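Numbering (UniProt numbering), first residue to last: 1 to 624.
This is how it looks when you write it as structure tokens:
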């Protein structure tokens, strides 16, 4: 079969009207980098604001604490545990809970809870949009709840506030939902970095609990925000470790094994702790009264427990420092771990406004110190250290309850500045994480939103559409037509061959792409069978290169609402066509392979490339 020469009257190749691909790529890369700079500037701006808000929040918590427990107007820190109110102390958390309930009813119900699950929910189902009013209500409600004795830390509220601030800024400007997610995560983690001065842990927190991806366009703005938050911490708070502790020496192998055992036990404790929190929340749901009263009921429990054990009241950062010192008595460790847990679980289950990190650290540190004391009693020559046991228990509790594995390790290292704890933390957190992974379906961060039917991603694999190139998945068989082919010849081809394509591509004698022909158009009653293809073809100004990613092809196809797109090589010659069936097939194959143990994806790619090399074309040409 021999092609005729290209005749006049046929449309010129649209490829000739395209700007060079190199120029397009340069413009696209420049646009993406410019966008990244813009999002980074927004993130830094949010981080500066949230650092100031973090300091104001601490002042506000101190002010409420001093007013509620000491009757003085003072923004300096005074622990509520040293109050002299006697039995009247029981009423203080009740009043605080009632105020929070009123604010939630007439302000926003979103202020209830500990912040991170709520931020995760907005990211996953609401395009990272948080009501701007949360920026004001969350810190105020949290300051009231904590200042009146609530057993929470300031980090949860400031994370929620930072997320709301970032989301609000993202809603003011014309940006995508993914970019808004990045700014939200930047604001949230910058708040954590501002409170604790732990930028690396804050970046890991964003990756593990908020971003659900690992890419430069997401990590860089968040990292810059966390660095800015850490600078705000050093400027507004202090420059030393937030949890100073005695110098730790590098442990031996036996001690490392013991610390890993502490991680295992703590992991099981974190399971019970998580289940208890949500069991208490379920009990509150069954109460025959309006939820506005629940925080007050939780406050009553906080007050009763605080009357018996005053150390459970308030933020409790001083409790963490005392536990890490190794100088706390065994009886106080038992009392602190149990009653702090009880007070916190009831208060959080009641739906008041507070955080989870500080209580988990306090409970985990006390449990680690208790387990370490017992091990030291039976194995005095193992080389265990009580402060180290408390530190690994503290970190392992957070790792097990939240499954924020890297965050837990990095936070303990940064907050204490004790590099010798790296290996014990690695062993203990790994052990706790494994226990949590195998024995608990959801975490303390995801259980609430999972009950609402929201799936939380638990892996950070690269996007399938970004991993594969167009050349790896284009159709093995394609029909390429000459512009002078008759309609009746195409129909004959369809009658004699089993073809699945809905469209054919048309090229000239030089191989330049001209357009596509839909099968439905060929069977139009108004089309004569002796009509040539050039008269019914649909011109297209969109093609993809063989080395482009599937993601780029899908984006182009969706924009133009096309079922297929032609593929060209580096010389701008047509080599095939990419259809939506090819994309779905490749996606299905990759998903199946990722679920199969021991699969080697690179081998599969090689096999796909070999198939492409064997690609077959049906060519129809007009005879001389």
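Glycine is no exception: its CB is placed at the ideal position from the N, C-alpha and C atoms. All values derive from a computational prediction rather than experimental measurement.
Going by the DSSP bridge assignment, what does residue i pair with across the sheet?
| i | result |
| --- | --- |
| residue 545 | 568 |
| residue 532 | 486 |
| residue 353 | 113 |
| residue 195 | In the DSSP output, where bridge partners are listed per residue, residue 195 has none listed. |
| residue 505 | 480, 516 |
| residue 578 | 565 |
| residue 469 | 549 |
Apart from the five residues just before and just after residue i, which ones in its own chain have a Cβ nearer than 8 Å to its Cβ?
| i | result |
| --- | --- |
| residue 446 | 117, 120, 456 |
| residue 320 | 243, 358, 361, 362, 365, 394 |
| residue 345 | 273, 276, 277, 280 |
| residue 304 | 90 |
| residue 173 | 42 |
| residue 585 | 473 |
| residue 125 | 454 |
| residue 52 | 232, 236 |
Flag this pair as yes or no: are the beta carbons of residue i and residue j separated by less than 8 Å?
| i | j | result |
| --- | --- | --- |
| residue 149 | residue 294 | no |
| residue 248 | residue 431 | no |
| residue 263 | residue 392 | yes |
| residue 211 | residue 44 | no |
| residue 113 | residue 267 | no |
| residue 444 | residue 312 | no |
| residue 659 | residue 425 | Past the edges of the chain, shown from 1 to 624, lies residue 659, and the structure says nothing about it. |
| residue 75 | residue 83 | no |
| residue 92 | residue 111 | no |
| residue 299 | residue 107 | no |
| residue 165 | residue 187 | yes |
| residue 301 | residue 343 | yes |
| residue 406 | residue 204 | yes |
| residue 493 | residue 506 | no |
| residue 324 | residue 428 | no |
| residue 199 | residue 340 | no |
| residue 374 | residue 183 | no |
| residue 517 | residue 481 | yes |
For residue i, collect the residues of the same chain with a Cβ closer than 7 Å to its Cβ; drop the 5 residues on either side in sequence, then sort them by chain order.
| i | result |
| --- | --- |
| residue 600 | At residue 600 the pLDDT is 45, less than 50, meaning the model places this residue with poor confidence and gives no usable figure here. |
| residue 439 | 271 |
| residue 334 | 370 |
| residue 552 | 544 |
Using only the alpha-carbon positions, how far apart do residue i and residue j sit?
| i | j | result |
| --- | --- | --- |
| residue 270 | residue 170 | 36 Å |
| residue 109 | residue 416 | 36 Å |
| residue 602 | residue 180 | For residue 602, the pLDDT reaches just 43, beneath the cut-off of 50, and the residue's location in the model is therefore unreliable, although a value from the coordinates is still provided. If you take the alpha carbons of residue 602 and residue 180, they lie about 34 Å apart. |
| residue 322 | residue 547 | 59 Å |
| residue 66 | residue 145 | 13 Å |
| residue 255 | residue 380 | 11 Å |
| residue 141 | residue 132 | 15 Å |
| residue 556 | residue 565 | 8 Å |
| residue 437 | residue 404 | 11 Å |
| residue 383 | residue 330 | 19 Å |
| residue 466 | residue 46 | 30 Å |
| residue 232 | residue 55 | 9 Å |
| residue 619 | residue 583 | Confidence at residue 619 is low in this model, with a pLDDT of 48, below 50, so the placement of that residue should be treated as unreliable; the coordinate-derived value is given next. Going from the Cα of residue 619 to the Cα of residue 583 covers about 24 Å. |
| residue 157 | residue 50 | 11 Å |
| residue 626 | residue 433 | Since the displayed the chain opens at 1 and closes at 624, residue 626 lies outside it and no answer follows. |
| residue 569 | residue 577 | 11 Å |
| residue 245 | residue 386 | 11 Å |
| residue 227 | residue 160 | 18 Å |
| residue 580 | residue 168 | 37 Å |
| residue 485 | residue 532 | 5 Å |
| residue 491 | residue 535 | 16 Å |
| residue 413 | residue 153 | 19 Å |
| residue 21 | residue 470 | Because the pLDDT of residue 21 is 49, which lies under 50, any placement of that residue in the model is unreliable, and the question is left without a value. |
Excluding the 5 residues flanking residue i on each side, which residues of the same chain have their C-beta closer than 6 Å to its C-beta?
| i | result |
| --- | --- |
| residue 206 | 185, 189, 222 |
| residue 98 | 296 |
| residue 328 | 322 |
Between residue i and chain C, is any beta-carbon pair separated by less than 8 Å?
| i | result |
| --- | --- |
| residue 419 | No chain C is part of this structure, which consists of one protein chain only. |
Examine the ligand MN and report whether any of its heavy atoms sits within less than 7 Å of the Cβ of residue i.
| i | result |
| --- | --- |
| residue 376 | For the structure depicted, the ligand MN is absent and the ligand set is empty, with no information on it obtainable. |
Worksheet item: What are the start and end residues of each continuous alpha helix (DSSP H) run of 4 or more residues lying completely inside the stretch 353-429, in chain order?
Response: The qualifying runs are 357-378, 386-402, 405-416.
Discussion item. Could you tell me which whole alpha helix (DSSP H) segments of length 4 or greater appear in the stretch 123-199?
Written reply: Within the stretch 123-199, the runs of alpha helix (DSSP H) that reach at least 4 residues and sit entirely inside it are, in chain order, 134-147, 155-172, 177-196.
Practice prompt. List in chain order: all unbroken alpha helix (DSSP H) runs of 4+ residues lying wholly within the stretch 24-88.
Written response: The qualifying runs do not exist here; there are none.
Worksheet entry | alpha helix (DSSP H) segments (min. 4 residues) lying fully within the stretch 237-320 | Qualifying alpha helix (DSSP H) stretches, in chain order: 253-285, 294-308.
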